[in-house]
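S.K.: Sharing a structure, written as structure tokens. Questions coming.
Residue numbers (this note's numbering): 514 to 1043.
Okay, structure coming up:
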């Protein structure tokens, strides 16, 4: 049985391919899944840690059913996906003599989902996991480590926007823009489906057993090619918080898990109504409040937070990338809206400011990603490019600080057919070795400030900020790429380094000692995703 899991900041969706009916279906897991209005079964991405030692947890809807979604309780976790792999983790609670990280919360949540999936349904042979388009390798490394403990034959990754394009069932040579706006992130991807030059890459493989490898090799392949991407940490949960802060400021309302949920309800109501109301009762002070919000007020809250300015910046970036590939905005055949936040009328109106309404589709915002991820198990092939580039650290004398020299730029298709070469020499006399710090480069335009406000992970765009970089090997024992024997001296080339990315997105290097005509490193992995 083939499954797909869309692990989201606010909700998680599971789909499977039913061979008997030859169709996809959304999975409901008793206890974990919630049913909200006419939405498909969604698993709230919530966790409550009963014991950190075992560990023993509640997950999904059962957290709410037990009344455990209380913000001030350190055992309650929400929005933990956004903190996975983040440099700044903020306050981390110590539970049962263990410091619980976002990575721990995410693993316990997914482990619980997988365990319940095995007991409640047909055990999975193959699982496709979706990842944000803007995720750094640290997130993918974490996900790889988590899934190695699952007794599942085959596990693969696919970018969420690409999966969404497949989930909407676009056919022919369609060029689509996917606007994936969920609880924690917004990702824009320009995707072309069913090109004639299909290759061999079927998603990024984390685990692939021999049994399923044989089955898949005979399948007819189709192709989805990602042409441009842009994304940032901004989602529906931020809007919930802004609404709460509006009532804190205007009505003296206390910020609690209850008021946050009421804010979310107001936001959801405003997707289909021009005005919404909710009643709040404080059982400590015995005071009651009637909370009211209309669409105009919500739009004012969004404008105060530069919400539309941030969206415009992302759209500009993805359209500029498209133009570099010879694609103009009129060439886009369809705009696919996915994620709960796209149901906000102001967001839909923002999209209509760029595209004719006839091109916009939004009929399956919650399920599109998980449904599309299933297509990998049915023969769709996905070719992609590197969203992040790679660079090496150097000393910038003008700024008197370290800088980063790009060696592999973002947008590079992989696997690379030709390596990038650098020739390096010693910088001091009798130099015993040569070290390089290699980093994963973030977006080149603007910057992002990440900080915590209480339990909230806040991200804010910063104009003209330095490039965001994640060092990959900046630790003892990992920086050295060449031992020099005899020692090196300034003034001459000493080593040649080749960099390339293989078909599974591993950055690899070769190192040759030019003085001794000797290979020092051959096909060495610098960063490994599995």
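Ideal placement from N, C-alpha and C gives every residue a C-beta, glycine not left out.
Cα-Cα, which of 786, 653, 616, 826 is closest to residue 700?
M.R.: For residue 700, the nearest C-alpha among the options comes from 826.
S.K.: Can we say the segment 997-1010 touches the segment 931-947, given the rule of at least three CB pairs closer than 8 Å?
M.R.: Contact holds: three or more Cβ-Cβ distances are below 8 Å.
S.K.: According to DSSP, residue 635 sits in a beta bridge with which residue or residues?
M.R.: Bridge partners of residue 635: none, in fact.
S.K.: With distances taken Cα to Cα, identify the nearest neighbour of residue 542 among 853, 1007, 532, 528.
M.R.: The shortest C-alpha separation from residue 542 is found at 528.
S.K.: Could you round the C-beta distance between residue 595 and residue 695 to whole angstroms and report it? I think they count as a contact, below 8 Å.
M.R.: Not quite, the Cβ-Cβ distance comes to about 11 Å (not below 8 Å), so this is no contact.
S.K.: Can the beta-carbon of residue 512 be found closer than 8 Å to that of residue 808?
M.R.: With the chain covering only 514 through 1043, there is no way to say anything about residue 512.
S.K.: I want to know whether the segment 1011-1030 touches the segment 923-932 - three or more CB-CB distances under 8 Å.
M.R.: Segments in contact, yes.
S.K.: Near residue 645, what residues of its chain come up, given a Cβ to Cβ distance below 7 Å and the 5 sequence neighbours on each side ignored?
M.R.: Within the same chain, residue 645 has close Cβ partners 673, 698, 700, 744.
S.K.: If I follow the unbroken beta strand (DSSP E) through residue 800, where does it start and stop?
M.R.: Counting along the chain, the beta strand (DSSP E) containing residue 800 begins and ends at 800-807.
S.K.: How would you label residue 521, buried or exposed, when you count the other beta carbons within 10 angstroms and need 16 or more for buried?
M.R.: Label assigned to residue 521: buried.
S.K.: Take residue 583 as the anchor and find which of 627, 639, 774 has the nearest alpha-carbon.
M.R.: Taking only the C-alpha atoms, the option nearest residue 583 is 774.
S.K.: Any idea if residue 533 is buried or exposed, counting beta-carbon neighbours within 10 angstroms, 16 or more meaning buried?
M.R.: It counts as exposed.
S.K.: Does the structure place the segment 656-671 close enough to the segment 563-579 that three or more beta carbon pairs sit under 8 Å?
M.R.: The segment 563-579, when compared against the segment 656-671, does not touch it at the 8 Å Cβ threshold.
S.K.: Relative to the alpha-carbon of residue 687, which residue among 1032, 867, 848, 986 has its alpha-carbon at the smallest distance?
M.R.: The candidate whose alpha carbon is nearest that of residue 687 is 848.
S.K.: Would you call residue 993 buried or exposed, if buried means 16 or more other Cβ atoms sit within 10 Å of its Cβ?
M.R.: When all chains shown are included, residue 993 counts as exposed.
S.K.: Does residue 886 pass the burial test, meaning 16 or more other C-beta atoms within 10 Å, or should it be called exposed?
M.R.: The residue is buried, with at least 16 neighbouring Cβ atoms inside 10 Å.
S.K.: When burial is assigned at 16 or more other CB atoms within 10 Å of the CB, is residue 902 buried or exposed?
M.R.: Counting Cβ neighbours within 10 Å, residue 902 comes out buried, since at least 16 surround it.
S.K.: Using a Cβ-Cβ cutoff of less than 8 Å, which residues in the same chain neighbour residue 731 once the five nearest sequence positions on both sides are dropped?
M.R.: For residue 731, the predicted structure reports a pLDDT of 33, less than 50, and the residue's modelled location is therefore unreliable. A value from the coordinates is still provided. Cβ neighbours of residue 731 beyond the five flanking positions: none.
S.K.: Pick out whichever of 1009, 1040, 783, 1032 has its Cα sitting closest to the Cα of residue 984.
M.R.: When each option's Cα is compared against that of residue 984, the closest is 1040.
S.K.: Between 651, 525, 642, which has its C-alpha nearest residue 954's C-alpha?
M.R.: Out of 651, 525, 642, 651 has the C-alpha closest to the C-alpha of residue 954.
S.K.: First and last residue of the alpha helix (DSSP H) that includes residue 885?
M.R.: Unbroken alpha helix (DSSP H) run through residue 885: 881-886.
S.K.: Please return the same chain residues whose Cβ sits closer than 7 Å to the Cβ of residue 587, not counting the five positions on each side in sequence.
M.R.: Result list for residue 587: 606, 608, in chain order.
S.K.: Would DSSP call residue 759 helix, strand or coil?
M.R.: In this structure, residue 759 counts as helix in the three-state DSSP scheme.
S.K.: If you draw a straight line from the alpha carbon of residue 883 to that of residue 676, how long is it in whole angstroms?
M.R.: Straight-line Cα distance between these residues: approximately 7 Å.
S.K.: In or out: residue 816 buried (at least 16 other Cβ within 10 Å) or exposed?
M.R.: Result: exposed.
S.K.: Which first and last residues belong to the beta strand (DSSP E) in which residue 673 is found?
M.R.: No beta strand (DSSP E) contains residue 673, which is instead part of the alpha helix (DSSP H) from 673-680.
S.K.: In the structure shown, what three-state DSSP assignment does residue 704 receive?
M.R.: DSSP places residue 704 in strand when its eight states are reduced to three.
S.K.: Is it buried or exposed for residue 599, if we count other Cβ within 10 angstroms and need 16 for buried?
M.R.: Flag for residue 599 reads buried.
S.K.: Count the other CB atoms, across all protein chains shown, that sit within 10 Å of the CB of residue 952; report buried if there are 16 or more and exposed otherwise.
M.R.: Buried, since its Cβ has 16 or more Cβ neighbours within 10 Å.
S.K.: For residue 801, count neighbouring C-beta atoms within 10 Å of its own C-beta (all shown protein chains included) and say buried if the count is 16 or more, exposed if not.
M.R.: Residue 801 is exposed by the Cβ-count criterion.
S.K.: May I ask which residues mark the beginning and end of the alpha helix (DSSP H) holding residue 984?
M.R.: Careful: residue 984 lies outside any alpha helix (DSSP H), inside the beta strand (DSSP E) at 982-984.
S.K.: Span of the alpha helix (DSSP H) holding residue 776?
M.R.: Unbroken alpha helix (DSSP H) run through residue 776: 770-782.
S.K.: What are the start and end residues of each continuous beta strand (DSSP E) run of 3 or more residues lying completely inside the segment 819-890, in chain order?
M.R.: Complete beta strand (DSSP E) runs here, min 3: 847-851.
S.K.: My parser needs the beta strand (DSSP E) runs of 3 or more residues fully inside the segment 515-592; what are they?
M.R.: DSSP runs (the beta strand (DSSP E)) wholly in the segment 515-592: 515-520, 524-531, 536-539, 559-564, 569-572, 589-591.
S.K.: When we look at the beta-carbon of residue 819 and count the other beta-carbons within 10 Å, is it buried (16 or more) or exposed?
M.R.: Flag for residue 819 reads exposed.
S.K.: Under a Cβ-count criterion, where at least 16 other Cβ atoms within 10 Å of its own Cβ denotes burial, should residue 540 be classed as buried or exposed?
M.R.: With 16 or more Cβ atoms within 10 Å of its Cβ, residue 540 is classed as buried.
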